[in-house]
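Step one of this worksheet: look at the structure below.
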Amino acid sequence: MIGQTHNQPKASSSANDEARNQSEKNAAAYGQWSLKNFEIGRPLGRGKFGRVYVAREVKSKYIVALKVLFKEQIDKYRIHHQLRREMEIQSTLKHPNVLRLYGWFDDDDRIFLILEYAHGGELYGVLRERGHLTERESATVMIQHNSISVFFIWLCFLYSELVRVSNFSASAIVIVFQYIASLANALAYCHSQDVIHRDIKPENLLLDHEGRLKIADFGWSVQSRSKRHTMCGTLDYLAPELVENKAHDYTVDNWTLGVLCYEFLYGAPPFEAAMQHDTFKRIVKVDLSFPPNPPVSKEAKDLISRLLVKDSAKRLSLKKLMDHPWIIKNADPKGACIQ
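Residue numbering for the sequence shown follows my numbering, starting at -7 and increasing by one per position.
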């Protein structure tokens, strides 16, 4: 067993890359991964189908997250196809804001997924700890997007702080624009690979030891250029076409980006209601309103409104975010964060 890892010195990116490469070479040398290749540490979380542990690859000493899934539960809920699709999709995605899946193996009772270790945990935990957020500054991030040729998109969004400033020090300020920009960055990459995530929410957004956002949990994701018809995702973040069980495409992720922007600023999803059927109704009607408190700029509200549009064809694209007046007004062409 290995000890707590959160007090370990942070390795440099080059050291991490070297260790990761060595661990992958070790796997090739063994022919395949097995449990003997890892020292298992503390639990990181648990779910319906299994548990997640921090682990260390024996030879390289590289730290990973080991997701342990119980075959009995997989059989019970008949998610074999979903799990296989998740593994195939996530293992092919290579982007700094997408959690890496390095490999997998199994024994008689369990399936083990070898995942990148996100030291900072869930973004959901950060939001719960720090409360609502409000606008403060802006900055610019470059996004790489693949089409016929490779080009860069400039994206700028929200730099936010806590509403209840008196309860927190300046060091507790959350740079929300970085999260949103990173999320848009990762989604643009996924969409360029014909991958639709379909379940973006704070619980599925992780942070590494440098605070870098990582999209995780591709259990509901699909890889397809055609429209899909499967009902999936988490209620508060569902686009209207998902609620109505209609055909949908990658623009469901753009809708979710609007929901997250709203939640970061107001502390709750925009269509939240006490009863599930009321939430469904609010989403279908796009019953969107902006409370007077905390104060949010007209430009930010407009940007959210352009993402939360029922007609998916009219939703603001990730590329066109850069043309929004709020972006043009506040973007730093040097890509710097204004302090």
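For each residue, glycine too, the CB sits at the ideal point set by N, CA and C.
Exercise for review: Give me the Cα-Cα distance between Glu233 and Gly39, rounded to the nearest whole angstrom.
Suggested key: On the sequence shown, position 241 is the one that residue 233 refers to. On the sequence shown, position 47 is the one that residue 39 refers to. Rounded to whole angstroms, Glu233 to Gly39 spans 28 Å at the Cα level.
Exercise for review: Report the rounded CA-to-CA distance for Asp279 versus Cys182, giving the unit in angstroms.
Suggested key: The residue given as residue 279 occupies position 287 in the sequence shown. The residue given as residue 182 occupies position 190 in the sequence shown. Their Cα atoms are separated by approximately 29 Å.
**Study point:** Per-residue DSSP class, three states only, for Ala305
**Key:** One-based indexing of the sequence shown puts residue 305 at position 313. Three-state DSSP puts Ala305 in a helix.
Check your understanding: What is the DSSP secondary structure of Pro232, reduced to helix, strand or coil?
Key -> Residue 232 sits at position 240 when you count from the first residue of the sequence shown. Helix at Pro232.
**Study point:** Helix, strand or coil at Arg34 according to DSSP, with G and I counted as helix
**Key:** Reading the sequence shown from its first residue, position 42 is the one you call residue 34. Three-state result, Arg34: strand.
Practice item. Look up Lys59 in the DSSP assignment and give the residues it is bridged to. Key: In the sequence shown, counting from the first residue as 1, residue 59 sits at position 67. Partner(s): Val44 and Leu105.
Check your understanding: Can His73 and Ile66 be called in contact, C-beta distance under 8 Å?
Key -> Residue 73 sits at position 81 when you count from the first residue of the sequence shown. Residue 66 sits at position 74 when you count from the first residue of the sequence shown. No, the Cβ-Cβ distance between His73 and Ile66 is not below 8 Å.
Review point. Ordered along the chain, which non-local residues of its own chain (more than five positions away) have a Cβ less than 7 Å from that of Phe30?
Key: Here residue 30 is taken as the residue at index 38 of the sequence shown, counted from 1. Counting only Cβ-Cβ distances below 7 Å, and skipping sequence neighbours, we find Ala47, Arg48, Glu49, Val50 and Leu58.
Exercise for review: Determine contact between the segment 261 to 277 and the segment 230 to 247, defined as no fewer than three beta-carbon pairs at a distance below 8 Å.
Suggested key: yes
Point to revise | Span of the beta strand (DSSP E) around Phe256 | key: Position 264 of the sequence shown, counted from the start, is the residue given in the question as residue 256. Not the beta strand (DSSP E): Phe256 falls in the alpha helix (DSSP H), residues Thr243 to Tyr258.
Review point. Taking all protein chains shown into account, do 16 or more other C-beta atoms lie within 10 angstroms of the C-beta of His269, making it buried, or fewer, making it exposed?
Key: Along the sequence shown, read from residue 1 onward, the residue named residue 269 stands at position 277. Exposed, since its Cβ has fewer than 16 Cβ neighbours within 10 Å.
Exercise for review: Apply the 10 Å Cβ neighbour rule to Ala292 and answer buried if 16 or more other Cβ atoms are within range, or exposed otherwise.
Suggested key: Numbered from its first residue, the sequence shown carries residue 292 at position 300. The residue in question, Ala292, is buried, as its Cβ has 16 or more Cβ neighbours within 10 Å.
Check your understanding: The alpha helix (DSSP H) spanning Lys293 covers which residue range?
Key -> Mapped onto the sequence shown, residue 293 falls at position 301. Taken as a continuous stretch (DSSP letters only), the alpha helix (DSSP H) holding Lys293 covers Lys290 to Leu299.
Review point. Straight-line CA distance for Trp25 to Ser289?
Key: As a working mapping, residue 25 is identified with position 33 in the sequence shown. As a working mapping, residue 289 is identified with position 297 in the sequence shown. Each residue's alpha carbon lies about 52 Å from the other.
Practice item. Decide if Gly37 is buried, meaning its Cβ has at least 16 other Cβ atoms within 10 Å, or exposed. Key: Here residue 37 refers to the residue found at position 45 of the sequence shown. With fewer than 16 Cβ atoms within 10 Å of its Cβ, Gly37 is classed as exposed.
Point to revise | Where His354 sits in the DSSP three-state scheme | key: Outside the modelled stretch of the chain, which goes from -7 to 331, sits residue 354, for which no answer is possible.
Exercise for review: Measuring alpha carbon to alpha carbon, tell me which of Ile207, Ala266 and Arg190 ends up nearest Asn246.
Suggested key: As a position in the sequence shown, residue 246 is number 254, starting the count at 1. It is Arg190.
Practice item. Let me know the secondary structure DSSP gives Glu78 once reduced to three states. Key: Counting from one through the sequence shown, the residue named residue 78 turns up at place 86. Glu78 falls in the helix class under three-state DSSP.
Review point. Quick one: Cα of Ser281 to Cα of Val214, how far?
Key: The residue given as residue 281 occupies position 289 in the sequence shown. The residue given as residue 214 occupies position 222 in the sequence shown. Going by the C-alpha atoms only, they are around 32 Å apart.
Check your understanding: What is the DSSP secondary structure of Lys53, reduced to helix, strand or coil?
Key -> Here residue 53 is taken as the residue at index 61 of the sequence shown, counted from 1. Three-state result, Lys53: coil.
Review point. Taking just the CA atoms, how far does Ala176 sit from Leu295?
Key: The residue labelled residue 295 in the question sits at position 303 within the sequence shown. The residue labelled residue 176 in the question sits at position 184 within the sequence shown. Those two C-alpha atoms are separated by around 14 Å.
Exercise for review: Report the rounded CA-to-CA distance for Ser52 versus Gln185, giving the unit in angstroms.
Suggested key: Taking the sequence shown and counting its residues from 1, one reaches residue 52 at position 60. Taking the sequence shown and counting its residues from 1, one reaches residue 185 at position 193. Each residue's alpha carbon lies about 31 Å from the other.
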